[in-house]
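In case it helps, mature numbering (1 follows the signal peptide of the UniProt record, and there is no 0) puts the sequence shown at residues -23 to -1, 1 to 373.
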Amino acid sequence: MQRRSLVSAVLAAGLLVAAAGCADGDADTKSNSGAAASTLKIGFLGSLTGTYQAVGTDLKSGFELYLSMHDNKLGGHPIDLKIADEGDGAPTAVPAATKLIKDEKVVALTGIVGGGSVAAVAPLLAEAKIPLIGSNGRPELKDLSGVWTTSFMSTDAGQAIAQHIKDKVNGPVFAIGPEYQGGFDQVGGFTTEFTKIGGQLVNGKATWTPFPATTNFLPYLSQIKQSGAKAVYTFYAGKAAIDFVKQYAQSDAKDIPLYAAGFLTEGSVLQAQGDAARNILNVCNYSPDLDNEENRKFVAAWKQKHPDATPTEYAMASYDAAAVLDRAIAAAGDNPTPESINAAVAKLGQIASPRGNWQFGPKNHSPIQKWYLRQVRNDGRALANVMVQDLATVGA
């Protein structure tokens, strides 16, 4: 196991590291004043069906893991977790979120897989003054007053790996991804940064594959081979990632180095991809082999509940969303409201996390954090995303 520290100077200056588990001392279910603590409804919205079911399931499992480790309480309050299915995007996410807001009257919302879903749901939350503690990638939004994410801005991964690819690849790169908001942001983060620092795209601009209709990538892979590209950068997740990787390994492009956002080989998709994923280089903000106290505790608890699965970035970020709500609810007074919870989130400072310590950036309300280069190769007998090196600290 590689021993790594995620704490960077930008996070350390003048900040106090918060102890995890604010609810641990609240077994008697009392508020700070000694009154009985009320049960709070928290909404979880995630893709529990469709293309990104594996991602949504991991988000749900990560949040539920934190609850199980803290007596099903956040900030000393018993939690009634209301779960809704985001499906494949905004058309199903909006009615599901509306039900959580209007019918269930949740005090906060978490989860949400798709960037397009976030953009569509955010106005509903703003109108209801309910904070979103999202746990997957998010696009740029005009109104961030009640929007936070514990994972990343959707452009961060590509931005973090651009310099490395520029330094390592002797020639032009082919950029390709799915034609929807998350794909535009993920691949766009790379192409914007890569061209800014002098990198060349062999296709001039990213090539987009229709989503979710594209299951046959071979015509695109033939185009990549014919282009003369010296490397490929991509983002896919869920079933699309499985299809892309398997077909890549069987195509004429198979000998061209493949770089990706870490979600291409994250979690259960790697098991489905098998040997086809070997040697793929990817960028991610988390790896299960990070050596810090919070990660050891998280991985041990995850393995106890999911003995056949490795914890993913998705599960970690959702676990952190619960930790954020734990501290914010505890700081929001005896009778937390959506407004007081949101105000408390803004004052949290540094978060102790399995990825290492991080904090919300004041500009984007997303983590200032370090990103890592990983490679798919054997870790013992099993294929895994094995840490290669640090890349960059990204966030604002």
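Using N, Cα and C, we set each Cβ at its ideal position, and we do this for glycine too. Predicted model, so just to flag it, every value in this text is computed and none were measured.
Going by beta carbons, G20 and E81 fall inside the 8 angstroms limit.
Per DSSP, reduced to three states, the secondary structure at E156 is strand.
For P344, no alpha helix (DSSP H) segment is defined; the enclosing uninterrupted segment is the beta strand (DSSP E) at P344 to D356. Of the candidates S245, Q136, L258 and K119, S245 places its Cα closest to the Cα of D285. For the beta strand (DSSP E) assignment, the uninterrupted runs of no fewer than 3 residues enclosed by the region 228 to 258 are, from N- to C-terminal side, 235 to 238. In the structure shown, the three-state DSSP call for G93 is helix.
Between the region 255 to 274 and the region 21 to 30, the count of Cβ pairs shorter than 8 angstroms is below three; the stretches do not touch. Looking at H283, E243, I257 and G215, the one whose alpha-carbon comes closest to that of L235 is I257. Closest in alpha carbon position to I56, among I107, S228 and D303, is D303. If you look at D367, you'll find it in the beta strand (DSSP E) that goes A359 to V371. Counting only runs of 4 or more residues that sit fully inside the region 187 to 230, the alpha helix (DSSP H) segments are 195 to 204 and 215 to 227, in chain order.
Rounded to the nearest whole angstrom, the C-alpha separation of T242 and A103 is 34 angstroms. G166 sits in a helix when the DSSP states are folded into three classes. Between P155 and V179, the C-beta gap is not smaller than 8 angstroms, which leaves the two residues out of contact.
The DSSP-derived three-state label of V83 is coil.
Here L195 is exposed. Its C-beta has fewer than 16 other C-beta atoms within 10 Å.
With respect to the 8 angstroms criterion, G123 and K145 are not classified as neighbours on the basis of their beta carbons. The C-beta distance from G92 to S131 rounds to 5 angstroms, short enough to meet the 8 angstroms contact threshold. For A139, the enclosing alpha helix (DSSP H) covers residues D133 to K145.
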